[in-house]
Amino acid sequence: MMSEHSTIDPTDASTERPERPTAVTVEGLDYAHGDVSVFADLSVGVDAGTVTSVVGPNGSGKSTLLALVAGVLEPDAGTVTVAGDGDRTVGYLAQRPEFRPQFTVRRTVGFYCSLVAGGQDVDALLDRVGLTPVADRRVGALSGGMVRLLGIAQAAVGDPAVLVLDEPTSGLDPEMTRRVAGVVTDLAESGAAVLVATHDLHLVDRFVDRVLVLDRGTLRSTGSPADLRDATGADTLDGAIAALTRAGGSDGVAVSAGLDGGVSR
Amino acid sequence: MTRAHVLAVAQREFATVFRTRLLVVLSVGFVGLIAGVAWLGASPAYLALSFDLLTPLEALVPVLAFAFGYRALLGDRERGELARLRTYPLDHRLYVLGVYLGRAVGLLGVVLVGLSTAALVVPLTGTESLTAVAIYGTVDSPALFLRFLILTAVFALVALALALLVSAAVRSTWNGLALATGAVLALVVGLDGALVGTVTATLPAPDVTATLLALSPTSAYRSLAFALVFAPGGVTVSGGSTAVIGALALGSWFVGSLALTGVLVRR
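Taken in order, these protein sequences are the chains called A and B. Going by the numbering used here, the first sequence opens with residue 1247, and the numbers climb by one from there. Going by the numbering used here, the second sequence opens with residue 55, and the numbers climb by one from there.
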């Protein structure tokens, strides 16, 4: 049996990750939907300036973990600590973002900007996510991809230290997916910790620094896409994830060798 | 930042109201109906006009207020806006306040336009100007109509607070519609009917009767209209001040509804 039940301190300095400040620290997290336990004593950390992806099968707890990190849900026990000293420390994009259809893109983002200190430049924010050409278009007339970009712009309001994006590329065509990925990478390069839930493993392979493999509320493994492939001996990231989750066996294979953060729980 | 936050939310709500086609149609309909009642009645005096409008307003104001408010927070919940706003430095109670204020300004504007249009009937119908109306034992005056307008505005504000409470309590559009319809019916006839039923069944003392009859928002509005507009010298129910009880009842409905809304919106 491998170390799937060992608890690793996500802020442990002995890990092989490059030295970056920890932006999110989750410790001893318990959460249940009614009688159904989603997480029990989950611990994990997310570094600043990186794109970290949460992957796993449907029902593994990805969206719930993101909502807990964003503060949208309250944990039953444990703590979620977010670094950052601004008046908005976490930006959040829900899985299916919706906005008031009557307003223009500029006015929609302008409203959120008015809620943070300092009066953020709306046009600069729209330019950052590539929405300037449709700034005066009504939200109700936007494509699904543009609504997601609008959601990312909203999440970035106030330059939060942590951006939590729940399936930002779901249902998008390849070009819009690349565009969203580019924006996400740019946000991480500017210093934010970006936590993304996604089923798009090709995207993960190309754009993500670190992967959290989640299965039935258990963190199976963490590491870069290359680390996961190497550790499982799989040729592809799909194969690596399959080996690590129940799709690859009754309990999956928990891997920690050579991976940063190891396996939590 | 607190005031700026509330203002930002209120401005967005106000703009939303007048960008929602159904609300615009209902607002125009409200103004048309109120003006129509006034002009068809061709009331020769402000007091008579107020009296003619009282019953229609008891029904129409709750309908309009619920149309303005029942989807306000429900829509935000369905769009994920309430969850999204938890990541902003915005207290949920201030958000409720901003939503309420923005919708209230829109609602009051419609009520004001409706009653002002209706008021034009008195000087424009060419009926002989009356300076005294013996049946009401008081002098007719635009000031009394102004009182009536203010009372109606207060009634609208209370009904909107109740609508926001419904909006915060439900989780789906159909539930919201059903509860809003039920609440309007309760406001317009249900509570009144229950109170009248209680009074006739138990025949309490007159002062208790006055208190009971002022408990429902609609009854309170009616009691205040009689006490402050139609018979400002005082109503004849002995043993209790209907105006005070009515004002307390409306105030309680208003504060209680908004406070509970603030609690529910966080869940």
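Glycine is no exception: its CB is placed at the ideal position from the N, C-alpha and C atoms. The structure displayed is predicted, hence computed values, not measured ones.
Backbone CA spacing between residue i and residue j [nearest angstrom]
i                   : j                   : result
Ser-1416 of chain A : Leu-148 of chain B  : 34 Å
Val-79 of chain B   : Ser-97 of chain B   : 27 Å
Leu-1288 of chain A : Leu-278 of chain B  : 60 Å
Asp-1455 of chain A : Gly-1469 of chain A : 8 Å
Arg-57 of chain B   : Phe-1357 of chain A : 14 Å
Leu-318 of chain B  : Gly-1302 of chain A : 33 Å
Tyr-124 of chain B  : Gly-1317 of chain A : 27 Å
Val-1368 of chain A : Leu-282 of chain B  : 51 Å
Leu-211 of chain B  : Ala-158 of chain B  : 7 Å
His-1445 of chain A : Val-1284 of chain A : 19 Å
Gln-1366 of chain A : Arg-1424 of chain A : 26 Å
Gly-1280 of chain A : Tyr-100 of chain B  : 59 Å
His-59 of chain B   : Arg-140 of chain B  : 14 Å
Glu-132 of chain B  : Val-224 of chain B  : 10 Å
Pro-1471 of chain A : Asp-1451 of chain A : 6 Å
Thr-1431 of chain A : Pro-1406 of chain A : 15 Å
Asp-1476 of chain A : Ser-1299 of chain A : 18 Å
His-1448 of chain A : Ala-1363 of chain A : 38 Å
Ser-1467 of chain A : Ala-1488 of chain A : 12 Å
Val-1429 of chain A : Gly-1332 of chain A : 21 Å
Met-1248 of chain A : Gly-1391 of chain A : The predicted model places Met-1248 of chain A with a pLDDT of 31, which falls under 50 and marks its position as unreliable; any figure quoted below should be read in that light. Spanning the two alpha carbons is a distance of roughly 42 Å.
Leu-1314 of chain A : Glu-1320 of chain A : 6 Å
Arg-138 of chain B  : Val-1336 of chain A : 10 Å
Thr-1271 of chain A : Asp-1322 of chain A : 16 Å
Phe-1453 of chain A : Leu-1388 of chain A : 26 Å
Ile-204 of chain B  : Arg-276 of chain B  : 13 Å
Leu-216 of chain B  : Leu-231 of chain B  : 14 Å
Leu-108 of chain B  : Gly-1404 of chain A : 50 Å
Leu-178 of chain B  : Phe-199 of chain B  : 16 Å
Thr-1327 of chain A : Gly-156 of chain B  : 35 Å
Pro-1420 of chain A : Val-238 of chain B  : 50 Å
Own chain residues within Cβ distance below 8 Å of residue i, not counting five before or after
i                   : result
Thr-1354 of chain A : Phe-1345, Arg-1346, Val-1385, Leu-1396, Gln-1400
Ser-1306 of chain A : Leu-1460, Asp-1461, Arg-1462, Gly-1463, Thr-1491
Asp-1382 of chain A : Thr-1350, Val-1351, Arg-1352
Val-1426 of chain A : Gly-1391, Arg-1394, Leu-1395, Ile-1398, Pro-1414, Thr-1415, Leu-1418
Arg-1266 of chain A : Asp-1293, Ala-1294, Gly-1295, Thr-1296
Residues of its chain near residue i, where Cβ-Cβ distance is below 7 Å and the 5 sequence neighbours each way are ignored
i                   : result
Gly-305 of chain B  : none
Glu-1273 of chain A : Ser-1289, Gly-1324, Thr-1325
Val-164 of chain B  : Ser-81, Phe-84, Val-85, Leu-118
As assigned by DSSP and simplified to three states, the class of residue i
i                   : result
Ser-277 of chain B  : helix
Ala-1387 of chain A : helix
Thr-70 of chain B   : helix
Val-1362 of chain A : coil
Thr-1482 of chain A : coil
Ser-97 of chain B   : coil
Leu-144 of chain B  : coil
Glu-1273 of chain A : strand
Arg-1342 of chain A : coil
Asp-1239 of chain A : What the structure shows of chain A is the stretch from 1247 to 1511, and residue 1239 of chain A is not part of that stretch, so it cannot be assessed.
Asp-1287 of chain A : strand
Asp-1476 of chain A : helix
Thr-1310 of chain A : helix
Ala-303 of chain B  : helix
Ser-170 of chain B  : helix
Arg-321 of chain B  : coil
Ala-1278 of chain A : strand
Arg-1374 of chain A : helix
Thr-1491 of chain A : coil
Val-1509 of chain A : In this predicted model, Val-1509 of chain A has a pLDDT of only 36, less than 50, meaning its place in the structure is not dependable enough to derive any value.
Ala-313 of chain B  : helix
Sequence-distant residues of its chain with Cβ nearer than 6 Å to residue i (five each side left out)
i                   : result
Gly-95 of chain B   : Asp-106
Leu-1411 of chain A : Leu-1339, Val-1442
Ala-197 of chain B  : none
Thr-315 of chain B  : Val-150, Leu-218, Leu-219, Ala-222
Arg-1374 of chain A : none
Thr-1310 of chain A : Val-1284
Ile-88 of chain B   : Gly-168, Ala-172
Leu-144 of chain B  : His-59
Leu-1275 of chain A : Phe-1285, Leu-1288, Pro-1321, Gly-1324
Gln-65 of chain B   : none
Supposed close pair residue i, residue j - CB separation, criterion 8 Å
i                   : j                   : result
Val-150 of chain B  : Glu-67 of chain B   : Not confirmed; about 11 Å, so no contact.
Val-1408 of chain A : Ala-1439 of chain A : 5 Å
Leu-269 of chain B  : Ala-303 of chain B  : 6 Å
Val-115 of chain B  : Thr-206 of chain B  : 6 Å
Phe-120 of chain B  : Ala-234 of chain B  : 5 Å
Problem set entry | Complete runs of the alpha helix (DSSP H) confined to the stretch 189 to 242 of chain B [at least 4 residues] | Listed in chain order, the alpha helix (DSSP H) runs fully inside the stretch 189 to 242 of chain B are 196 to 223, 227 to 239, counting runs of at least 4 residues.
Exercise. Going along the chain, which unbroken runs of the beta strand (DSSP E) with 3 or more residues stay wholly within the stretch 1388 to 1463 of chain A?
Worked result: For the stretch 1388 to 1463 of chain A, whole beta strand (DSSP E) runs of length 3 or above, ordered along the chain, are 1408 to 1412, 1439 to 1443, 1456 to 1461.
For this session: Please go through the stretch 97 to 167 of chain B and give each complete alpha helix (DSSP H) segment of 4 or more residues, from N-terminal end onward.
Result: Taken in chain order, the complete alpha helix (DSSP H) segments of 4 or more residues contained in the stretch 97 to 167 of chain B are 100 to 123, 126 to 132, 135 to 139.
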